[in-house]
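Q: I am attaching a structure below and will ask some questions about it afterwards.
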Amino acid sequence: MTIAGTVIAAVISAALVWIGIRFLVVPRAAAAGYGIPADPDGDAGTYLSVKGNRDLACALMIAVPLILGAHTVAGWILFAGSVAAFADCLTVLRRGGPKIVAYAVHAGTGVLAVVGGLLLLLG
Numbered sequence: 026m027t028i029a030g031t032v033i034a035a036v037i038s039a040a041l042v043w044i045g046i047r048f049l050v051v052p053r054a055a056a057a058g059y060g061i062p063a064d065p066d067g068d069a070g071t072y073l074s075v076k077g078n079r080d081l082a083c084a085l086m087i088a089v090p091l092i093l094g095a096h097t098v099a100g101w102i103l104f105a106g107s108v109a110a111f112a113d114c115l116t117v118l119r120r121g122g123p124k125i126v127a128y129a130v131h132a133g134t135g136v137l138a139v140v141g142g143l144l145l146l147l148g
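Going by my numbering, the final residue of the sequence shown carries number 148, and the count climbs one at a time with no gaps.
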């Protein structure tokens with residue numbers, strides 16, 4: 026179970042690195058992929074950068090315990106992080122974004138984080 030949980034956590038961490046970099050480098054495309062288009066040249070630009078920075082920090086919060094072999098800590102971090110994924114799902118739905126993105130990307134990530142967290146805790 027620990028191996029499967031570690032793989033899930035590593036995939037989520039790597040995805041967050043990719044998403045964070047994407048929000049910093051191509052914020053318009055990243056915002057559209059998130060499910061809520063935003064103009065990085067307007068007031069939203071700063072918030073898109075903050076989103077990218079936060080995603081990179083979250084990736085490290087998952088990766089560091091994995092690297093140190095602290096699987097229980099990584100499991101709890103995945104549980105806590107799942108709240109953000111589910112909240113993102115609700116945000117996209119409330120803003121009229123694509124339901125497929127809300128459910129497949131955000132809710133799917135939340136479920137994956139819960140499963141990965143459980144596997145790490147039970148491992």
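Beta carbons: idealized from backbone N, C-alpha and C, even for Gly. The structure presented is a predicted model; accordingly, all values stated were derived computationally and were not measured.
(1) Do F111 and A132 have their CB atoms nearer than 8 Å?
(2) Kindly indicate which three-state DSSP category R120 falls into: helix, strand or coil?
(3) Would you decide whether D66 is buried or exposed? Buried here means 16 or more other CB atoms lie within 10 Å of its CB.
(4) Please confirm whether I125 and D80 have their CB atoms less than 8 Å apart.
(5) Can you tell which of L146, P123, A127 and T71 has the C-alpha that lies nearest to the C-alpha of C99?
(6) Does the segment 26-39 touch the segment 47-64, meaning 3 or more C-beta pairs lie closer than 8 Å?
(7) Assuming I37 contacts T97 under a Cβ cut-off of 8 Å, what Cβ separation, rounded to an integer in Å, is found between them?
(8) Once DSSP output is grouped into helix, strand and coil, what is the label at P62?
(9) Beta-carbon within less than 6 Å of P123's beta-carbon, same chain only, minus the 5 sequence neighbours each way: which residues are those?
(10) Could you compute how far the alpha carbon of V89 sits from the alpha carbon of I33?
(11) Within 10 Å of its beta-carbon, does I92 have 16 or more other beta-carbons around it, so buried, or fewer, so exposed?
A: So, from the listed chains and residues:
(1) Residue 111 sits at position 86 when you count from the first residue of the sequence shown. Residue 132 sits at position 107 when you count from the first residue of the sequence shown. Yes; because the gap between Cβ atoms is below 8 Å, this pair is in contact.
(2) Along the sequence shown, read from residue 1 onward, the residue named residue 120 stands at position 95. Reduced to three states, the DSSP call for R120 is coil.
(3) Position 41 of the sequence shown holds residue 66. By the Cβ-count criterion, D66 is exposed, with fewer than 16 other Cβ atoms from all chains shown falling within 10 Å of its own Cβ.
(4) Taking the sequence shown and counting its residues from 1, one reaches residue 125 at position 100. Taking the sequence shown and counting its residues from 1, one reaches residue 80 at position 55. No, the Cβ-Cβ distance between I125 and D80 is not below 8 Å.
(5) Sequence index remark: in the sequence shown, residue 99 carries index 74 (1-based). This sequence places Ala at residue 99; Cys is not what is there. Among L146, P123, A127 and T71, the Cα nearest to that of A99 is on L146.
(6) no
(7) For the purposes of this step, residue 37 is identified with residue 12 of the sequence shown, where counting begins at 1. For the purposes of this step, residue 97 is identified with residue 72 of the sequence shown, where counting begins at 1. Contact flag wrong, Cβ pair sits at about 17 Å.
(8) For the purposes of this step, residue 62 is taken as the residue at position 37 of the sequence shown. Coil, per DSSP.
(9) On the sequence shown, position 98 is the one that residue 123 refers to. Answer for P123: G60, listed in chain order.
(10) Start at 1 with the first residue of the sequence shown, and residue 89 comes out as number 64. Start at 1 with the first residue of the sequence shown, and residue 33 comes out as number 8. Computed Cα separation, rounded: 14 Å.
(11) Locating residue 92 in the sequence shown gives position 67, where the first residue counts as 1. Exposed.
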